[in-house]
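Chemist:
Number of protein chains: 2
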Amino acid sequence: MVDVADTPDPGGEQAQPSPAVTGAGVQSVDRALGILEVLARTGESGVTEIALELGVHKSTAFRLVATLEAHRLVEQTADRGRYRLGVGILRLAGATTARLDLVQEARPIARQLAADTGETVNIAVLSESSALYLDQVAGSSALQSHNWVGQHIPLHATSNGKVLLAGLDDDGLEAVLGTLATYTSRTITGLPELRAELARVREQGFAVAVDELEVGLTAVAAPIRNAHGDVIASMSVSGPSFRLPEEQVEEVVRRAVAAAVEVSHRLGWGHR
Amino acid sequence: MVDVADTPDPGGEQAQPSPAVTGAGVQSVDRALGILEVLARTGESGVTEIALELGVHKSTAFRLVATLEAHRLVEQTADRGRYRLGVGILRLAGATTARLDLVQEARPIARQLAADTGETVNIAVLSESSALYLDQVAGSSALQSHNWVGQHIPLHATSNGKVLLAGLDDDGLEAVLGTLATYTSRTITGLPELRAELARVREQGFAVAVDELEVGLTAVAAPIRNAHGDVIASMSVSGPSFRLPEEQVEEVVRRAVAAAVEVSHRLGWGHR
DNA sequence: AGACTGCGTTTCGTCAAGCGCAACACCGAC
DNA sequence: GTCGGTGTTGCGCTTGACGAAACGCAGTCT
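Chains as they are written, first to last, in this note's numbering: chain D, 434 to 705; chain C, 434 to 705.
#1: With a threshold of 8 Å between beta-carbons, can Asp549/D be considered close to chain C, or not?
#2: By how many angstroms is the C-alpha of Thr622/D removed from the C-alpha of Leu613/D?
#3: Helix, strand or coil: how does DSSP classify Pro625/D here?
#4: Leaving aside the five residues before and after Asp568/D along the sequence, list all residues of the same chain whose C-beta is less than 8 Å from its C-beta, in chain order.
#5: Which stretch, first to last residue, makes up the beta strand (DSSP E) that contains His593/C?
#6: Who does Asp568/C pair with in a DSSP beta bridge?
#7: Determine the burial state of Leu576/D: buried for a count of at least 16 other Cβ atoms within 10 Å of its Cβ, exposed for fewer.
#8: When you compare the CB positions of Lys595/C and Glu630/C, do they come within less than 8 Å of one another, or not?
#9: Roughly how many angstroms lie between the CA atoms of Ala642/C and Thr591/C, to the nearest whole one?
#10: Can you pull the DSSP bridge partners for Gly672/D?
#11: Short of 8 Å Cβ to Cβ, which residues in the segment 501-533 of chain D face chain C?
#12: Verify whether the separation of the beta carbon atoms of Val462/D and Thr500/C is less than 8 Å.
#13: Under the three-state reduction of DSSP, which class applies to Arg619/D: helix, strand or coil?
#14: In chain D, which residues lie with their C-beta within 7 Å of the C-beta of Asp463/C?
#15: On the three-state DSSP scale, how would you describe Leu677/C?
#16: So that I know if they touch, is there some Cβ in chain D lying closer than 8 Å to that of Leu588/C?
#17: Given that Arg658/C touches chain D, what residues does it touch there, using C-beta distances under 7 Å?
#18: Could one say the Cβ of Gln681/D lies closer than 8 Å to chain C's Cβ atoms, at least one of them?
#19: Using 8 Å as the cut-off, can you tell me whether the segment 484-497 of chain D makes contact with the segment 510-525 of chain D, which would need three or more C-beta pairs spanning the two stretches below that distance?
#20: Spatial neighbours of Glu561/D within its chain, please: C-beta separation below 8 Å, excluding the five flanking residues on both sides.
#21: Throw me the rounded Cβ distance for the Val653/C and Ala608/C pair, which I believe falls under 8 Å.
#22: Is it buried or exposed, Gln681/C, if we count other Cβ atoms within 10 angstroms and call 16 or more buried?
#23: Whole angstroms are fine: how far does the CA of Ala547/D sit from the CA of Arg687/D?
#24: Note down the Cα distance separating Gln637/C from Pro656/C, rounded to an integer number of angstroms.
#25: Report the residue from Asp512/C, Asp602/C and Ala465/C whose alpha carbon sits nearest the alpha carbon of Leu506/C.
#26: Confirm the yes/no value for this check: CB of Pro656/C, any heavy atom of the ligand GTP, distance under 7 Å.
#27: Do the CB positions of Asn659/C and Gly600/C come within less than 8 Å of each other?
#28: Are the beta-carbon atoms belonging to Leu597/D and Leu610/D less than 8 Å from one another?
#29: Using a Cβ-Cβ distance under 8 Å, would His698/C count as near chain D?
#30: Who are Leu497/D's beta bridge partners in DSSP?
#31: Between the Cα of Asn593/C and the Cα atoms of Glu477/C, Ser563/C and Val489/C, which residue gives the shortest distance?
#32: Does any CB atom of chain C fall closer than 8 Å to the CB of Val471/D?
#33: With DSSP as the reference, label Arg633/D as helix, strand or coil.
#34: Taking the alpha carbon of Val670/C as the reference point, which residue from Ala693/C, Ala528/C, Tyr516/C and Ala484/C has its own alpha carbon closest?
#35: Which value, in whole angstroms, describes the spacing of the CA atoms of Gln460/C and Val459/D?
#36: Can you give the Cα-Cα distance for Gly649/D and Ala666/C, rounded to whole angstroms?
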């Protein structure tokens with residue numbers, strides 16, 4: 434057919450081989466997924482707002498959103514309203530965690546641990562330079578308490594994070610650690626101090642964080658290992674500091690370590 | 434050519450048993466989301482398999498998968514391996530659950546249930562070896578029972594409690610159960626009888642309690658589940674026994690179960 | 001060993017699918 | 001009323017996505 438190259442290639446203007454900053458493959462899909470991320474960040478947005486954020490036209494954003502809506506990944510608040518993430522995400526997330534034998538094996542034990550201690554139990558893995566929470570079992574009260582699943586948490590200021598860091602070698606540590614942000618007066622911000630703390634964690638087989646991420650929040654964590662002995666995840670018990678005084682932390686640590694060991698066994702660690 | 438979405442029809446797109454993509458919208462996005470659904474169903478698939486399932490060419494499927502991978506929504510098992518859902522899904526889910534509150538999602542449905550039955554509706558969760566009532570919607574009748582919100586109620590003598598217990602495994606059951614106090618002559622006090630009753634509850638998907646906590650008080654309850662299928666709460670309809678004769682209980686049970694299922698769906702429970 | 005078959009991956013020319021534009025319906029505020 | 005804002009919808013044009021075929025690599029059968 435006609436070669437309507439109105440804008441001919443101006444001489445040697447090679448197309449940049451990697452023009453896409455976002456690592457784009459299929460662009461419309463890329464944009465659609467961008468919409469999901471925008472909604473995850475903002476919680477709720479209108480079509481115009483989304484279009485602005487993505488740098489595309491309103492109508493484009495609308496069509497993408499409509500497609501996402503057909504799959505229940507987003508939903509609109511009113512008949513003529515803004516959009517937010519929908520339940521389809523949750524169904525996919527359920528399938529994601531169901532697939533992870535880690536979560537499968539850990540869940541009953543986590544539940545038992547939560548029942549024994551009366552506090553919230555979390556399971557986290559290392560992901561993209563932070564701790565990603567895979568699963569959570571609420572403790573005594575407040576099943577509606579804040580859900581951390583899917584959240585990214587700083588590594589140096591949490592018991593889970595310290596356990597995960599302690600499982601890395603020096604190279605891995607350097608690759609993962611960024612700047613050590615300060616959250617409270619007790620947050621470990623110096624690299625030497627952190628290394629010392631990690632050595633202690635490695636030696637004693639658990640980590641404790643009191644008021645390091647948030648004042649009044651105490652957490653203990655223990656490593657979960659795979660068949661090779663690598664630390665692949667961390668299991669934590671956390672609650673308000675007043676409910677977890679020092680003498681009780683010992684008992685909680687004992688239970689948490691035992692639970693983590695049990696999960697590790699189920700994953701094939703130290704068999705026979 | 435194909436008319437894109439003659440009518441958006443946001444309601445009737447379910448129950449397409451064939452893996453064929455749902456249709457309307459931006460085609461490539463539609464296919465990409467189809468891939469997510471395929472992976473959610475199969476747990477793990479190769480490019481060729483996905484392409485076959487979607488009815489597209491291998492290369493097309495690959496490009497879509499690669500785009501999804503760039504956003505961490507899928508990941509491949511090995512360097513040259515199959516694909517499965519990734520952690521990006523969990524991050525999105527975190528943003529979704531952040532706004533999902535059990536009480537908030539359940540209240541409109543509970544209100545409808547109360548209106549339909551004319552009786553009081555309660556929502557309870559497991560907390561510290563008893564049932565904690567989170568919310569209550571009064572029925573239409575003048576005869577009101579007192580407000581139970583915030584109260585801790587014995588697990589073995591209420592319909593809500595039995596539903597919550599039925600959601601536990603044996604270990605959890607043992608951890609939670611104390612002594613089975615006697616409230617009326619119909620209270621279940623023997624552990625074997627309770628186990629049998631819980632098995633029945635588990636099988637039929639609801640619980641009934643007549644005069645077990647208090648003479649003259651009848652209640653039915655159905656489980657509310659999260660995305661993993663765990664029983665996280667229980668929704669009950671309760672009223673004076675004389676207003677809930679046996680033949681009417683059937684109808685109330687049907688409504689209560691339907692309401693609980695609806696709430697579960699809003700919380701991401703699959704299985705339409 | 002070698003041929004063969006399967007996989008995931010890459011390249012490339014073609015064409016229709018998706019894009020931006022602009023107009024639309026609708027709502028609330030000045 | 002007008003204006004500015006929203007989400008929504010046709011419509012041509014072109015860009016971006018598609019399918020066919022080739023490629024590199026691992027197993028596996030002969």
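Even for Gly, the Cβ is constructed at its ideal location relative to N, Cα and C.
Modeler: The structure says:
#1: Residue 549/D sits at position 116 when you count from the first residue of the first sequence. Answer yes: the Cβ-Cβ gap between Asp549/D and chain C drops below 8 Å somewhere.
#2: For the purposes of this step, residue 613/D is taken as the residue at position 180 of the first sequence. For the purposes of this step, residue 622/D is taken as the residue at position 189 of the first sequence. Computed Cα separation, rounded: 5 Å.
#3: Here residue 625/D refers to the residue found at position 192 of the first sequence. Pro625/D: helix per DSSP, three-state reduction.
#4: Sequence index remark: in the first sequence, residue 568/D carries index 135 (1-based). So the list reads Thr530, Val536, Ala539, Arg540, Ala543, Asn555, Ile556 and Val582, once near-sequence residues are dropped.
#5: For the purposes of this step, residue 593/C is taken as residue 160 along the second sequence, with counting starting at 1. Note that residue 593/C is Asn in the sequence shown, not His. From DSSP, Asn593/C is part of no beta strand (DSSP E) but of the alpha helix (DSSP H) over Ser592 to Ala599.
#6: Residue mapping note: residue 568/C aligns to position 135 of the second sequence, counting from 1. Note: Asp568/C sits in a beta bridge opposite Ile556/C.
#7: Numbered from its first residue, the first sequence carries residue 576/D at position 143. Reliability of the predicted coordinates at Leu576/D is poor, the pLDDT of 42 falling under 50, and the value obtained from them is presented with this limitation in mind. So Leu576/D counts as buried.
#8: Mapped onto the second sequence, residue 595/C falls at position 162. Mapped onto the second sequence, residue 630/C falls at position 197. Contact flag set, yes.
#9: For the purposes of this step, residue 642/C is taken as residue 209 along the second sequence, with counting starting at 1. For the purposes of this step, residue 591/C is taken as residue 158 along the second sequence, with counting starting at 1. So the two alpha carbons sit approximately 6 Å from each other.
#10: Here residue 672/D refers to the residue found at position 239 of the first sequence. Bridge partners of Gly672/D: Thr651/D.
#11: Leu501, Glu502, Ala503, His504, Leu506, Arg517, Leu518, Gly519, Val520, Ile522, Leu523, Arg524, Leu525, Ala526, Gly527, Ala528, Thr529, Thr530, Ala531 and Arg532
#12: Against the first sequence, residue 462/D aligns to sequence position 29. Against the second sequence, residue 500/C aligns to sequence position 67. Closer than 8 Å, so yes.
#13: For this step, residue 619/D is matched to residue 186 along the first sequence. It is coil, neither helix nor strand.
#14: Residue numbering aside, residue 463/C sits at position 30 when the second sequence is read from its first letter. Those within 7 Å of Asp463/C in chain D are Thr500.
#15: Numbered from 1 along the second sequence, position 244 holds the residue referred to as residue 677/C. Coil at Leu677/C, not helix or strand.
#16: Within the second sequence, the letter at position 155 stands for residue 588/C. No, Leu588/C does not count as interfacial toward chain D.
#17: Numbered from its first residue, the second sequence carries residue 658/C at position 225. In chain order: nothing, as chain D lies at least about 10 Å away.
#18: Translated into positions along the first sequence, residue 681/D becomes position 248. So, not an interface residue.
#19: no
#20: As a first step, residue 561/D is located in the first sequence; it is residue number 128 there, counting from the start. Only His585 meet the Cβ criterion.
#21: What you label residue 653/C is simply residue 220 of the second sequence in a count that begins at 1. What you label residue 608/C is simply residue 175 of the second sequence in a count that begins at 1. With 8 Å as the limit, Val653/C and Ala608/C do not qualify as a contact, their Cβ atoms being about 26 Å apart.
#22: Counting from 1 along the second sequence, the entry for residue 681/C is found at position 248. That one is exposed.
#23: On the first sequence, residue 687/D is found 254 positions in, with the first residue counted as 1. On the first sequence, residue 547/D is found 114 positions in, with the first residue counted as 1. Arg687/D and Ala547/D: Cα-Cα distance of roughly 13 Å.
#24: For this step, residue 637/C is matched to residue 204 along the second sequence. For this step, residue 656/C is matched to residue 223 along the second sequence. Going by the C-alpha atoms only, they are around 11 Å apart.
#25: Sequence index remark: in the second sequence, residue 506/C carries index 73 (1-based). Comparing Cα positions, the closest option is Ala465/C.
#26: With respect to the ligand GTP, the structure shown offers nothing to examine, as it has no ligands at all.
#27: To locate residue 659/C, count along the second sequence from 1; it is residue 226. To locate residue 600/C, count along the second sequence from 1; it is residue 167. No, Cβ-Cβ distance for Asn659/C and Gly600/C is not below 8 Å.
#28: As a position in the first sequence, residue 597/D is number 164, starting the count at 1. As a position in the first sequence, residue 610/D is number 177, starting the count at 1. No, these two residues do not count as a Cβ contact at 8 Å.
#29: Within the second sequence, numbered from 1, the residue matching residue 698/C stands at position 265. Output row for His698/C: interface = yes.
#30: If you number the first sequence from 1, residue 497/D lands on position 64. Paired residue(s): none; Leu497/D is not in a bridge.
#31: The residue you call residue 593/C lines up with position 160 of the second sequence. Nearest C-alpha to Asn593/C: Ser563/C.
#32: The count along the first sequence starts at 1 and reaches residue 471/D at position 38. No, Val471/D does not count as interfacial toward chain C.
#33: By 1-based counting over the first sequence, the position of residue 633/D is 200. In the structure shown, Arg633/D sits in a helix (DSSP, three-state: H, G or I).
#34: Here residue 670/C refers to the residue found at position 237 of the second sequence. Taking only the C-alpha atoms, the option nearest Val670/C is Ala693/C.
#35: Locating residue 460/C in the second sequence gives position 27, where the first residue counts as 1. Locating residue 459/D in the first sequence gives position 26, where the first residue counts as 1. About 11 Å.
#36: Locating residue 649/D in the first sequence gives position 216, counting from the first residue. Locating residue 666/C in the second sequence gives position 233, counting from the first residue. Answer to the nearest angstrom: the Cα atoms are 28 Å apart.
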